[in-house]
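There are 2 protein chains.
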Amino acid sequence: MWAYTPLLLPSATMTTDSKANFRLSPCNATTLRMASRRLTQLYDAALEPCGLRSTQLAILSELAHWSADPPTLAELADALAIDRSSLGHNLRPLEREGWVVLGESAVDARRRHIALTSKGRAKWREAVRLWRVAQERFEYVFGRSEAASLRATLLGIAHHERLASLKD
Amino acid sequence: MWAYTPLLLPSATMTTDSKANFRLSPCNATTLRMASRRLTQLYDAALEPCGLRSTQLAILSELAHWSADPPTLAELADALAIDRSSLGHNLRPLEREGWVVLGESAVDARRRHIALTSKGRAKWREAVRLWRVAQERFEYVFGRSEAASLRATLLGIAHHERLASLKD
DNA sequence: TTATCTTAGGGGCATATGCCCATTATGCAG
DNA sequence: CTGCATAATGGGCATATGCCCCTAAGATAA
Chain D
0 MWAYTPLLLP
10 SATMTTDSKA
20 NFRLSPCNAT
30 TLRMASRRLT
40 QLYDAALEPC
50 GLRSTQLAIL
60 SELAHWSADP
70 PTLAELADAL
80 AIDRSSLGHN
90 LRPLEREGWV
100 VLGESAVDAR
110 RRHIALTSKG
120 RAKWREAVRL
130 WRVAQERFEY
140 VFGRSEAASL
150 RATLLGIAHH
160 ERLASLKD
Chain U
0 MWAYTPLLLP
10 SATMTTDSKA
20 NFRLSPCNAT
30 TLRMASRRLT
40 QLYDAALEPC
50 GLRSTQLAIL
60 SELAHWSADP
70 PTLAELADAL
80 AIDRSSLGHN
90 LRPLEREGWV
100 VLGESAVDAR
110 RRHIALTSKG
120 RAKWREAVRL
130 WRVAQERFEY
140 VFGRSEAASL
150 RATLLGIAHH
160 ERLASLKD
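Top to bottom, those sequences are chains D and U.
Note that the working numbering gives residue 27 to position 28 of the first sequence, counting from 1, and the numbers run on in steps of one.
Note that the working numbering gives residue 4 to position 5 of the second sequence, counting from 1, and the numbers run on in steps of one.
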């Protein structure tokens with residue numbers, strides 16, 4: 000179990016070989032991307048049997064939990080803290096597989112409302128079971144409360160307006 | 000200044016509008032990717048004048064600090080906690096711009112040694128100056144010691160063997 | 001020495017990510 | 001009502017990321 004503090008440095012858990020070339024990168028974005036890559040691999044491996052990737056499950060989950068009317072691209076992108084264009088690209092495979100549908104808006108012809116299909120909801124439920132394995136595995140190693148704390152910190156970074164761009 | 004604890008929830012810093020659709024994602028990988036996307040945008044925006052992206056600067060930095068002989072693809076990938084193939088792809092633009100060169104190995108014809116060119120080192124120095132702006136900006140908001148603590152945690156995740164895959 | 005096994009990279013494929021620009025649709029000023 | 005500013009998407013381009021498989025080259029067993 001790790002402490003969510005710098006007390007246990009990563010080097011303590013590393014092999015001699017990898018420790019040799021280890022360099023504590025001072026860049027916050029780089030370390031964030033490094034950890035993101037690794038953990039995404041862990042979750043993607045767990046999700047592999049159902050044919051979903053982490054990003055795709057995140058989209059389906061957001062839709063599955065959406066309480067109001069099906070969101071527009073912009074609304075969904077905002078909730079996921081993802082670029083609008085990126086979300087548009089990411090929806091393509093989900094649409095192709097028939098997991099989501101993009102419907103027209105009655106009040107504004109510019110908007111497309113994104114909705115989960117029943118097939119998509121079934122796939123989502125299937126994926127969640129696999130996701131839980133990876134989630135449990137990570138939190139077993141990292142610590143459950145430490146993980147919750149980390150998520151809160153990361154969500155803060157993701158949704159913070161003053162960090163969203165250089166404009167201020 | 001944020002506390003590196005869940006005491007200050009992200010919602011405390013959010014607009015009413017975005018708070019409405021805010022859903023505290025329980026997935027550690029997803030929140031990691033969300034924060035990663037946002038912060039990468041911040042750093043990339045700062046680096047934009049020099050024509051480098053965060054990932055590219057990370058590669059050049061690792062090479063600039065490399066103490067031993069120029070690393071092989073596998074060694075560099077390991078240090079950056081990135082997939083070997085991914086690093087191969089990422090090196091292509093850097094090679095095209097003449098910032099790095101891939102030399103042959105004298106002892107093992109399979110290996111390619113990656114070295115920074117003088118042009119690449121100059122570009123790296125230029126980028127570091129821009130990088131510092133983004134780094135300072137983030138740490139001004141997030142807190143310097145909190146950032147250091149977060150980096151240590153993230154590096155631990157990135158380099159932890161038991162989290163690298165589902166095999167155990 | 002030869003057959004086999006392992007390792008290092010490269011190429012192809014697919015998704016992920018975001019920028020810019022074009023198109024279309026609203027909204028609003030006049 | 002017309003013309004312009006604005007908003008929502010889509011398409012194109014480029015990089016990021018990782019998987020799989022292939023080939024070449026070193027290492028090892030027979």
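For glycine and all other residues, C-beta sits at the position ideal for the given N, C-alpha and C.
The contact set of Thr29 of chain D on chain U, defined by CB atoms closer than 7 Å, consists of Ser53 and Ala57 in chain order. Counted as a single uninterrupted DSSP element, the beta strand (DSSP E) harbouring Val100 of chain D occupies residues Val99 to Glu103. Looking at the DSSP output, Thr71 of chain U shares a beta bridge with U:His112.
The C-beta of Pro48 of chain U has fewer than 16 other C-beta atoms within 10 Å across all chains shown, which makes the residue exposed. DSSP, reduced to helix, strand and coil, places Trp123 of chain D within a helical segment of the structure shown.
For Pro25 of chain D, the secondary structure class from DSSP, reduced to helix, strand or coil, is coil. Fewer than three beta-carbon pairs drawn from the stretch 126-135 of chain U and the stretch 101-115 of chain U are found closer than 8 Å, and the two stretches are therefore not classed as touching. Secondary structure of Arg52 of chain U (DSSP, three-state): coil.
Rounded to whole angstroms, Glu160 of chain U and Val140 of chain D show a C-alpha spacing of 11 Å. Residue contact with chain U for Arg83 of chain D: absent (no Cβ-Cβ distance below 8 Å to any residue of chain U).
Among the residues facing chain D, Ile113 of chain U is not included, as its CB has no counterpart in that chain under 8 Å away. Inclusion of Ser53 of chain D and Thr29 of chain U in the CB contact set at 8 Å is warranted, their separation being smaller than that value. Here the alpha carbon of Asp77 of chain U sits roughly 8 Å from the alpha carbon of Arg83 of chain U.
Here Ser24 of chain D has Thr30 and Met33 as same chain residues with Cβ atoms under 8 Å from its own Cβ, once five neighbours each way along the sequence are excluded. Classified as exposed, Arg143 of chain D has fewer than 16 neighbouring CB atoms from the shown chains inside 10 Å of its CB.
Judged by DSSP secondary structure, Gly142 of chain D falls outside any alpha helix (DSSP H); it is assigned neither H nor E. Per DSSP, the continuous alpha helix (DSSP H) segment holding His88 of chain U begins and ends at Arg83 to Arg95. Put simply, the backbone Cα of Glu96 of chain U is about 22 Å away from that of Ala73 of chain U.
Between the alpha carbons of Trp65 of chain U and Leu59 of chain U lies a gap of roughly 10 Å. Listed by position along chain D, the residues whose Cβ is nearer than 7 Å to that of Ala80 of chain U are Met33, Arg36 and Arg37.
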